[in-house]
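Visitor: Position in the sequence shown (from 1) plus 2 gives the number in this note's numbering.
I'd like to ask some things about the structure below.
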Amino acid sequence: MATVQSPAEQRLILYGVSWQEYRRMLRAFAERPSFRLTCDRGTLELMTLSLEHESLVRFFNLLILALTLQLGLPLKGGGSTTFERCRRRRGLESDECYWIAHEALVRGKEKIDLRHDPPPDLALEVDVGYRTLDRMSIYAALGLPEV
């Protein structure tokens with residue numbers, strides 16, 4: 003009987019990356035959902051996702067869905083949408099994100115622009131390994147109130 007091993011998360015850190023290069027990388031990896039890109043003022047982290055990571059994301063996503071349903075709260079999920087602030091040169095993709103208190107403000111929208119729309123009320127961030135970049139400070143710079 004053959005067994006399949008899921009590789010552990012892997013990270014590549016690039017320094018001195020311009021904002022334009024980060025945006026090109028986002029487009030280049032758009033069709034590769036197994037990669038996450040995080041940019042923090044010229045430092046770019048590329049990360050692959052492991053089975054352990056994805057299993058935990060699915061578990062917590064179901065927990066959040068069950069809690070909001072039980073509490074009768076509105077919910078709009080944004081998945082692993084990329085959020086960025088060009089002027090701050092920071093951007094990332096959460097594991098999952100949700101609008102709860104501001105769900106009515108983004109209901110029916112296909113694109114979210116943080117210059118005009120509220121950021122998600124909650125971002126789910128699962129960390130099973132060491133991260134080089136401080137994602138919490140990036141979330142704060144993007145205006146997300148809860149991670």
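We put the beta carbon where it would ideally sit given N, CA and C, even for glycine.
Terminal residues of the continuous beta strand (DSSP E) containing R87?
Guide: R87 -> beta strand (DSSP E) spans T84 to R87.
Visitor: Compare the Cα-Cα distances from C99 to each of T45, G80 and F85 and report the closest residue.
Guide: Checked all of T45, G80 and F85; the closest Cα to C99 is G80.
Visitor: I need the straight-line Cα distance from S57 to V128, nearest angstrom please.
Guide: Near 10 angstroms, if we compare the C-alpha coordinates of V128 and S57.
Visitor: Restricting to runs no shorter than 3 residues, where is the beta strand (DSSP E) found entirely within the segment 51-92?
Guide: 84-87, all fully within the segment 51-92.
Visitor: Does the ligand GDP have even one heavy atom less than 7 angstroms from the beta-carbon of G74?
Guide: Looking for the ligand GDP in the displayed structure turns up nothing, as the structure carries no ligands at all.
Visitor: Distance, Cα to Cα, M138 vs L126?
Guide: M138 and L126: Cα-Cα distance of roughly 11 angstroms.
Visitor: Could you say if the segment 35-53 and the segment 134-149 meet the contact criterion of at least three C-beta pairs nearer than 8 angstroms?
Guide: Cβ pair count under 8 angstroms is three or more, so yes.
Visitor: Mind checking L14: buried by the 16 CB within 10 Å criterion, or exposed?
Guide: Answer is exposed; the Cβ neighbour count stays below 16.
Visitor: Quick check on R29: does DSSP put it in helix, strand or coil?
Guide: Helix, per DSSP.
Visitor: Am I right that T50 and F62 are in contact with their C-beta atoms under 8 angstroms? What's the rounded C-beta distance?
Guide: About 20 angstroms separates the two Cβ atoms, so there is no contact after all.
Visitor: Under the three-state reduction of DSSP, which class applies to E95: helix, strand or coil?
Guide: Residue state, collapsed to three classes: strand.
Visitor: Tell me whether S20 is buried or exposed, calling it buried when 16 or more other Cβ atoms sit within 10 Å of its Cβ.
Guide: Result: exposed.
Visitor: DSSP beta-bridge partners for M49?
Guide: The partner list for M49 (beta bridge, DSSP) reads R13 and R38.
Visitor: Determine the DSSP secondary structure at L146, reduced to helix, strand or coil.
Guide: If DSSP states are grouped into helix, strand and coil, L146 belongs with coil.
Visitor: Between F85 and L77, how many whole angstroms is the CB-CB distance? I'm expecting something under 8 angstroms.
Guide: Not confirmed; about 18 angstroms, so no contact.
Visitor: Please report the distance separating the alpha-carbon of E33 from that of E47.
Guide: Cα-Cα distance, rounded: 18 angstroms.
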